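Residue numbers (this note's numbering), protein chains in the order written: chain A, 64 to 388; chain B, 263 to 626; chain C, 4 to 285; chain D, 39 to 186. We put the beta carbon where it would ideally sit given N, CA and C, even for glycine. Please read all numbers here as calculations on a predicted model, not as lab measurements.
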């Protein structure tokens, strides 16, 4: 972490960049916040540890419009999102200095809460280097958890340890994948329609329409979202039953289909713990099956599958009824 | 004092649900939220904080206000309709307004924590002041609040800062106070409404002299509450009449930057009460409903000719100024925050009211 | 026909049904709607400067100032400029169509207290005459309670002057009432004053023994206020009425506040020294 | 759908998005050729099948439709050259998603139908209508408020 701070300070001092986007220490050991750093003293609060899960690439949409260059700390998976933003001309690459930061999986405090860990005073073992267990010092005594068990779901299907775009890389990364990316999707596909419907209904009935999933999504970069259009009466902030949430979530996922890099931010930020990535991943899986493997953000020149076609594409009627035969 | 063993709680829920609608923390799809208990539901009073607060009981996320039925009738020139215009547009719209139904049955809110009970007082100051909101009022009149002491407060809690006592729900404006001690729920009715509820389920309870036990539990909780990291948070500089000095502060510019403009904080907050009124057109009438709204949304103050809070900084400032300055100014210094800590846990970017208060203390 | 128009027990958010009994095309984009209860008579009483929520179900609801005077015992009027979704729809309605109205909301010009016995100066621009018209007619109808009345009214063009007929027939013919009209640009058939309101204000050089009531576009208000200060008026001599996005109208939905004041409940009428105390967020 | 005493048979509500250049004319031809198709089908004309936004379909269901069919020009015949190719991909993904969340297969359909195929239009609509009748009322995608 110190190396990263020193380098950022250096970049600002020598005028390469005017500001840096990174994470600021939180008031709890697990809640750092994305922040801008400009002056040397700002870096006193700079932090980069296991809880710095936020994908900072979306902040570059605004930051790249500012006067002067901005340095941004991107984890390997975040660089896919950044590439995708370049593809869509939403960020100015010229105005960005990308520091690829090392990552050995990011952590989810909810996982600890699920284990009954509360009253946290301090947390050890979440530094960016090292590979020991995580130790919680709490009011109710000391608790331990394996780093792996505390990881965000998305890190179990890690896209790999390589940054796909960067100006320089600081720190080591680890491929933390230990599960198949489409495992959950396949599991749902194998259910009966009734089970599937019941599953999504119970998950989506929790939705409070806070729009966090949309606002955090690096692919959701429309200047005006269709769901913010006051002239459209489905711009609903809440609904009588769960259908509209279904519509919101299907459309949200559809609008980013072919552009979603599967960064998992939507599921990370959902206050109700809805596995929103299941929608996005279903689209990704279908796109892979129907139109050939495609990873958004891997290549900033690649044509997105939904803005492309071939003459002998699959007919919609053949897209369904493949699972439960 | 009455008591009931924890393993018998389901029969207590069933007994209450036999006479009332029972609104309580229920676990669905891995998360605990308030909901109506029915046979088979998994009541969960161990989870300290439901994700959504208990405000749904009195101020639900969606509420039907009234239905308007439209009838298209031919223009009636004889009844004073302008003949020339009638030829132009031959039909007229007639409307019929049917107000939504008010709650008229008693219902029980079970397992509310002291902070959420205080939040009801905060909302009362909004909805029960002139002009009274009758939808809210009917719910308040019929709701019986059973409060539950917080056995193990968490690090995100800072209710003591606002004078809420997590150890003693009988200090809050609840109808029944309860404590969960060593696998037993202790029950103390506080008001007439609470007595009436107790009478209906009394045969499930044992009579027990447990005052000493409860006192012991209270001092245990108080001991924990003192150790919480935000227990000493200072509200100095906030409150009634501080509009000018806080509004103009440059600290806002430092604290808002990460804000996504989502509505998580407002929707999980037990005191946020801003709402929107919207129409939904169906085959049988236009339903006008109100739903929660968030001051963080870009369309919150949007008008045909622009708006008054155009930047996220302004919207962010509005939320915290409302909670810590504007509301106290209008309500004898009472803060519009109860320290439940839900925003501390749920903000996607880890921004929250505690960080704001601390940032102002540091940048004096 | 429902009787909800007369039901006093229902919630404040549930509206009355009102029937449009007359529509006047004032200018190319302003219409004045006369609204009655379906059974005849007024929907509710109000004070000058107060507002009401007018709603076309399924389209939208908006806050409009009641332009008729409380002294009018037969009907209420709303002058509405076409500028958005709701107003567009309202302009398409005909006499006999029903809308819903709820109110009255907000405070009012202090016609019974601070303004009583005083000389009054009304300054309006464009559709800004709407809220002031209620006060002007109230003062004219209770002529003996007020001193001199000066009305300075300006608009983009002669065609955009709202309620010209009433101005000419009623206001100009009342004793002690002086009307000054102006339009922004020269126009054929117009022999009155040409120029912006703030400039005309200084030309006329009003004496400061008056209380000013202003309403118009924000930019006009700003310059009029400047002009009045130059003439020697002080902030506590001038009233205006504000407008922000509103939903509930009763200070609960939480969007129309400026600082701790809610425009719908504590306003819309504010004295300028009160506005000065508010944070700069309007 | 209200089912009263005299009319016990389920009458579905079907929304058909028809391309202006082919199937809309096809429907016309079906009419002028005196070929019948069920009155339960409500046609909405769109400039191209590529104009059909997934939200149109979901909203139709939400407001009480029991089935939604999209008719466009045969691949290769699009008036705008390629609109229907894009539509084909979008609808394939959308239909798969609807299946995924547990909506019965067959409530949605895409059919390519030219202006000359009046008979095909009428046959398709009859078939689709029968299919929806067999599936019954749309419960899973509807909105409670539109259900009386």
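Contact list for residue i against chain C, beta-carbon separation under 9 Å
| i | result |
| --- | --- |
| residue 382 of chain B | Correct list: empty, because the minimum Cβ distance to chain C is about 15 Å. |
Distance cut-off 7 Å: residue i Cβ against heavy atoms of the ligand MN
| i | result |
| --- | --- |
| residue 94 of chain A | Inclusion of the ligand MN in the displayed structure is not the case, the ligand content being empty and no account of it being possible. |
Residue j beta carbon less than 8 Å from that of residue i
| i | j | result |
| --- | --- | --- |
| residue 216 of chain C | residue 138 of chain C | yes |
| residue 52 of chain C | residue 272 of chain C | yes |
| residue 557 of chain B | residue 528 of chain B | yes |
| residue 174 of chain D | residue 48 of chain D | yes |
| residue 103 of chain A | residue 72 of chain A | yes |
| residue 288 of chain A | residue 272 of chain A | no |
| residue 60 of chain C | residue 266 of chain B | no |
| residue 168 of chain A | residue 218 of chain A | yes |
| residue 417 of chain B | residue 183 of chain A | yes |
| residue 81 of chain C | residue 114 of chain C | no |
| residue 262 of chain A | residue 249 of chain A | no |
| residue 148 of chain D | residue 380 of chain A | yes |
| residue 282 of chain B | residue 467 of chain B | no |
| residue 231 of chain A | residue 280 of chain A | no |
| residue 211 of chain C | residue 235 of chain C | yes |
8 Å Cβ shell around residue i - same chain, five flanking residues per side excluded
| i | result |
| --- | --- |
| residue 349 of chain A | 382 |
| residue 233 of chain A | 66, 67, 70, 162, 163, 164 and 165 |
| residue 620 of chain B | 495 |
| residue 84 of chain D | 55, 56, 57, 58 and 90 |
| residue 220 of chain C | 128, 129 and 131 |
Beta-carbon proximity list for residue i, same chain, < 6 Å, skipping 5 on both sides
| i | result |
| --- | --- |
| residue 501 of chain B | 590 and 595 |
| residue 423 of chain B | 495 and 601 |
| residue 324 of chain A | 143, 144, 147, 359 and 360 |
| residue 10 of chain C | The predicted model places residue 10 of chain C with a pLDDT of 43, which falls under 50 and marks its position as unreliable; any figure quoted below should be read in that light. Around residue 10 of chain C: no qualifying Cβ. |
| residue 210 of chain A | 197 |
7 Å CB neighbourhood of residue i in its chain, flanking five on each side removed
| i | result |
| --- | --- |
| residue 499 of chain B | 622 |
| residue 617 of chain B | 517 |
| residue 626 of chain B | none |
| residue 43 of chain D | Only weak support is given to the placement of residue 43 of chain D: the predicted model assigns it a pLDDT of 49, under 50, and the value that follows is read from those uncertain coordinates. Cβ within range, chain order: n/a, list empty. |
| residue 92 of chain C | 59 and 62 |
| residue 363 of chain A | 146, 149 and 150 |
Run of the alpha helix (DSSP H) containing residue i, from where it starts to where it stops
| i | result |
| --- | --- |
| residue 171 of chain D | 156 to 173 |
| residue 506 of chain B | 505 to 509 |
| residue 140 of chain A | 139 to 150 |
| residue 617 of chain B | 615 to 624 |
| residue 385 of chain B | 376 to 389 |
| residue 71 of chain A | 65 to 76 |
| residue 278 of chain C | 275 to 280 |
| residue 208 of chain A | No alpha helix (DSSP H) holds residue 208 of chain A; the beta strand (DSSP E) holding it covers 204 to 208. |
Chain-ordered chain B contacts of residue i [CB-CB under 9 Å]
| i | result |
| --- | --- |
| residue 158 of chain C | By Cβ distance, chain B contributes nothing, its closest Cβ being about 17 Å from residue 158 of chain C, past 9 Å. |
| residue 262 of chain C | 505, 506, 509, 583, 587, 588 and 591 |
Interface partners of residue i on chain D, CB under 7 Å
| i | result |
| --- | --- |
| residue 383 of chain A | 133, 134, 137 and 143 |
| residue 109 of chain A | None at all; the shortest Cβ gap to chain D is about 42 Å. |
Cross-chain neighbours of residue i in chain B, by beta carbon under 8 Å
| i | result |
| --- | --- |
| residue 1 of chain C | Outside the shown range of chain C (4 to 285) lies residue 1 of chain C, about which nothing can therefore be said. |
Within chain A, the residues that residue i reaches when beta carbons sit closer than 8 Å
| i | result |
| --- | --- |
| residue 580 of chain B | Residues of chain A passing the Cβ test: none, with the nearest at roughly 17 Å. |
Proximal residues of chain B, C-beta to C-beta of residue i below 7 Å
| i | result |
| --- | --- |
| residue 334 of chain A | 313, 526, 530 and 608 |
| residue 273 of chain A | 524, 525, 526 and 529 |
| residue 31 of chain C | Going along chain B, no residue has its Cβ under 7 Å from residue 31 of chain C, so there is no contact; the nearest lies around 18 Å. |
| residue 146 of chain A | Within chain B, no residue comes near residue 146 of chain A; the closest Cβ sits about 22 Å away, beyond 7 Å. |
| residue 266 of chain A | 291 |
Cross-chain neighbours of residue i in chain D, by beta carbon under 9 Å
| i | result |
| --- | --- |
| residue 252 of chain A | 137 and 138 |
Bounding residues of the beta strand (DSSP E) (the contiguous stretch that carries residue i)
| i | result |
| --- | --- |
| residue 287 of chain B | 283 to 290 |
* To do: Would you mind listing the alpha helix (DSSP H) stretches within the region 491 to 552 of chain B that are 4+ residues and don't spill past its ends, in chain order?
  => Runs of the alpha helix (DSSP H) inside the region 491 to 552 of chain B: 505 to 509, 513 to 517 and 526 to 530.
- Task: Go through the region 172 to 210 of chain C residue by residue and report every complete run of the alpha helix (DSSP H) that reaches 4 residues or more, in order.
- Result: Runs of the alpha helix (DSSP H) spanning 4 or more residues and lying entirely within the region 172 to 210 of chain C occur at 200 to 207, in chain order.
| Uninterrupted beta strand (DSSP E) stretches inside the region 69 to 115 of chain C (no shorter than 3 residues) | Every beta strand (DSSP E) of 3 residues or more that sits fully in the region 69 to 115 of chain C is shown, in chain order, as 79 to 84 and 101 to 108.
* Asked: Of all the beta strand (DSSP E) runs that stay within the bounds of the region 68 to 150 of chain D, which reach a length of 3 or more residues?
  -> Within the region 68 to 150 of chain D, the complete beta strand (DSSP E) runs of at least 3 residues are 79 to 84, 105 to 110 and 146 to 150.
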